[in-house]
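Q: Mapping to UniProt numbering: the sequence shown position 199 is 199, numbers consecutive.
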Amino acid sequence: MVKRIWFVSHYAMPPAYEMREKTLKHAYYLQKKGYEVTIVSASTIHNTNVNLMRNTSTQYRMQKYDGIPFIHIKCCDYHDRGTVWRILNLLQFAVKFRLIGQKFPLPDVIIAEANCINYSPIYYFCRDNKIPFYVDVRDLWPESIVEYLGFSKNNPVIRYLYHREKKMYMRSDGIIFSMAGGKQYIKEKGWDTAVPPSKIHHINNGVDLKAFEYNKDHFQIQDSDLTDAHTFKVIYCGSIRLVNGLGTLVDTAAELKRMNRGNIKILVYGDGDERASLEQRCKREKLDNIIFKGFVEKKYIPFIISCGDLNFIQVKQTAIMRFGSSLNKLFEYLASGKPVLSDLQVRYDIIKRYGAGTTMTTQAPADIANEMIRYAEMDPKEYETICQNARRAAKAYDYKRLTDKLIAIITPKKEGCTK
């Protein structure tokens, strides 16, 4: 019987830092159901220069956050140090885990957010201790490297990484894809004989509706742009990096100004290495209908997006989206009960499925601007129907419900690894 569960997740972070909440929320709701849960993570905090154990001589540290036990494994810094240090950090975490894991009462199952680079030591730990090994796939590696960085699939290093990825799936007791097209991905690669569909599962990212409502009511900010009843507010929350392609949103603001649509205002909450240049461009072009608000703590996001009239998703279009997408912000947007406008075309489109907004078939700024205008002028009854659809979609992706799905996946499996 499965009672003790370890999430082995290199990038898992304490709640104060975490933006991707999937592991934390699963752990929380598993605890509520009586499971003993531990999260094992690296001491480094991704996309920051924070290392929780930089000045300590010990190799691991146990700590609880909001009642959830963590084991932090000391790893080298890699932020702003290049790819080699990042790979070393990944390998260091996995190798140390294999040794440090033996110091604790063994779990009944391990759910590893691993990848083709660092999965092996985690797998061997499971095999040696007869612990079922589940792989939690948040990003497709090396497929993402090919799509986003332009590497050839025939590159010898990429081919080797694909080989390791296939081996990881073969060795696992189950694969849990965040994106809905996991089975399609395996089939496209020609791996469906070696990796049978029966071991492939799907659990999307989601939203904790109880926490969302609490934060909306208890963590609010004073912002006259949010409370301006005379403007139609389009909200973007998230990173401002090259991959997000927010230049398109600035282009859209320029189109709206050209159309003399001063009643529509775009509010951007977030930060990233593209923010400064985009702000400078807006200043040069005298675009006063798009405002960059900067970074806000995650606890304020529910209030912010609930104050808007239309929530916007902007991501650079790539072929990898044919396997589906699992953007964290989408589920918060849905929970706000406001329509979602996305210019990202994906298969298995949740927005389309629930009628919770619009997915554009183009990323042309003029077309996006016209769609924003359509929402600003929409019949109130039609608008409210879309709002209700968004709330209905959010309920389907409540982490409380998604955790039940996780339990159903890991419970029937027999103990032990036979591969």
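All residues carry an ideal CB built from backbone N, CA and C; glycine is no exception.
1. With H, G and I counted as helix, E and B as strand and the rest as coil, what does DSSP make of D184?
2. Express the C-alpha separation of E274 and I111 in angstroms, rounding to a whole number.
3. If I145 and S152 are in contact, beta carbons under 8 Å, what's the gap, nearest whole angstrom?
4. Give the DSSP-derived three-state secondary structure of I45 in the structure shown.
5. Can you give me the C-alpha to C-alpha distance between C116 and M1, rounded to a whole angstrom?
6. F312 and V243 - do their beta-carbons sit closer together than 8 Å?
7. Go ahead and label I87 buried or exposed: buried means 16 or more other beta carbons lie within 10 angstroms of its beta carbon, across all protein chains shown.
8. Can you tell which of I368, I407, L256 and Q317 has the C-alpha that lies nearest to the C-alpha of V340?
9. Could you tell me whether the stretch 154–168 touches the stretch 200–218, using the rule of 3 or more Cβ pairs below 8 Å?
10. Any chance the stretch 64–84 sits against the stretch 131–147, with 3 or more Cβ pairs inside 8 Å?
11. With DSSP as the reference, identify every bridge partner of T385, one or two as the case may be.
12. Determine the extent of the alpha helix (DSSP H) in which N311 is found, giving its start and end residues.
13. Going by DSSP, name the residue or residues bridged to residue 425.
14. Starting from Y333, follow its DSSP beta bridges and name the residues at the other end.
15. When the Cα of D271 is compared with those of A390, Y300 and C237, which residue comes out closest?
16. Please report the distance separating the alpha-carbon of D379 from that of N263.
17. Only counting the same chain, and skipping five residues up and downstream in sequence, which positions put a Cβ closer than 7 Å to that of residue 420?
18. Looking at the secondary structure, which residues open and close the alpha helix (DSSP H) in which T23 lies?
19. Can you tell me the Cα-Cα spacing of I409 and N289, whole angstroms?
20. Rounding to the nearest angstrom, what Cα-Cα distance links N51 and Y65 in this structure?
21. Is the separation between the beta-carbon of A94 and that of F212 shorter than 8 Å?
22. Return helix, strand or coil for H202, following the three-state DSSP convention.
23. Give the secondary structure of I39 by DSSP, where H, G and I count as helix, E and B as strand, and everything else as coil.
24. Going by DSSP in three states, N89 sits in which element: helix, strand or coil?
25. Between the stretch 187–207 and the stretch 317–334, can you find at least three pairs of beta-carbon atoms closer than 8 Å?
26. When the Cα atoms are used, what is the spatial distance from Y399 to D136?
27. Let me make sure I understand the geometry here. Which of Y354, A254, E384 and D108 has the alpha-carbon closest to that of A393?
A: Inspection of the coordinates gives the following:
1. Start at 1 with the first residue of the sequence shown, and residue 184 comes out as number 184. Going by the sequence as given, residue 184 is Gln instead of Asp. Here Q184 sits in helix by DSSP.
2. As a first step, residue 111 must be located in the sequence shown, where it is residue number 111. As a first step, residue 274 must be located in the sequence shown, where it is residue number 274. Roughly 35 Å separates the two Cα atoms.
3. Taking the first residue of the sequence shown as 1, we reach residue 145 at position 145. Taking the first residue of the sequence shown as 1, we reach residue 152 at position 152. Wrong, their Cβ atoms sit about 10 Å apart, outside the cutoff.
4. What you label residue 45 is simply residue 45 of the sequence shown in a count that begins at 1. Here I45 sits in coil by DSSP.
5. Taking the first residue of the sequence shown as 1, we reach residue 116 at position 116. Taking the first residue of the sequence shown as 1, we reach residue 1 at position 1. Looking at the backbone, the Cα of C116 and that of M1 are separated by about 29 Å.
6. Within the sequence shown, the letter at position 243 stands for residue 243. Within the sequence shown, the letter at position 312 stands for residue 312. Contact: no.
7. Against the sequence shown, residue 87 aligns to sequence position 87. Label assigned to I87: exposed.
8. To locate residue 340, count along the sequence shown from 1; it is residue 340. The candidate whose alpha carbon is nearest that of V340 is I368.
9. Proximity of the stretch 154–168 to the stretch 200–218 falls short of the contact definition, fewer than three beta-carbon pairs being nearer than 8 Å.
10. Too few Cβ pairs lie closer than 8 Å, so no.
11. Mapped onto the sequence shown, residue 385 falls at position 385. Its beta-bridge partners do not exist; DSSP assigns none.
12. Position 311 of the sequence shown, counting from 1, holds the residue named residue 311. Under the DSSP assignment, N311 falls outside any alpha helix (DSSP H), being part of the beta strand (DSSP E) whose first and last residues are L310 to I313.
13. The chain is shown only over 1 to 419; residue 425 falls outside these bounds and no answer can be derived.
14. Sequence index remark: in the sequence shown, residue 333 carries index 333 (1-based). Looking at the DSSP assignment, Y333 forms no beta bridge with any residue, so it has no partner.
15. On the sequence shown, position 271 is the one that residue 271 refers to. The shortest Cα separation from D271 among A390, Y300 and C237 belongs to C237.
16. Mapped onto the sequence shown, residue 379 falls at position 379. Mapped onto the sequence shown, residue 263 falls at position 263. In a straight line, the C-alpha of D379 is about 17 Å away from that of N263.
17. Here the chain comprises residues numbered 1 to 419, so residue 420 is not present and cannot be evaluated.
18. Sequence index remark: in the sequence shown, residue 23 carries index 23 (1-based). Unbroken alpha helix (DSSP H) run through T23: K22 to K32.
19. Locating residue 409 in the sequence shown gives position 409, where the first residue counts as 1. Locating residue 289 in the sequence shown gives position 289, where the first residue counts as 1. Straight-line Cα distance between these residues: approximately 48 Å.
20. The count along the sequence shown starts at 1 and reaches residue 51 at position 51. The count along the sequence shown starts at 1 and reaches residue 65 at position 65. Taking the straight line from one Cα to the other gives about 17 Å.
21. Counted from its first residue, the sequence shown places residue 94 at position 94. Counted from its first residue, the sequence shown places residue 212 at position 212. For A94 and F212, no; Cβs fall outside 8 Å.
22. In the sequence shown, counting from the first residue as 1, residue 202 sits at position 202. Looking at H202 - three-state DSSP - the assignment turns out to be strand.
23. Position 39 of the sequence shown, counting from 1, holds the residue named residue 39. It is a strand residue.
24. Taking the sequence shown and counting its residues from 1, the one referred to as residue 89 is at position 89. Residue state, collapsed to three classes: helix.
25. Judged by Cβ distances under 8 Å, the stretch 317–334 makes contact with the stretch 187–207, as three or more pairs qualify.
26. Counting from 1 along the sequence shown, the entry for residue 399 is found at position 399. Counting from 1 along the sequence shown, the entry for residue 136 is found at position 136. Pairing Y399 with D136, the inter-Cα distance amounts to about 16 Å.
27. Here the question's residue 393 lines up with position 393 in the sequence shown. Closest in C-alpha terms to A393, from the list Y354, A254, E384 and D108, comes Y354.
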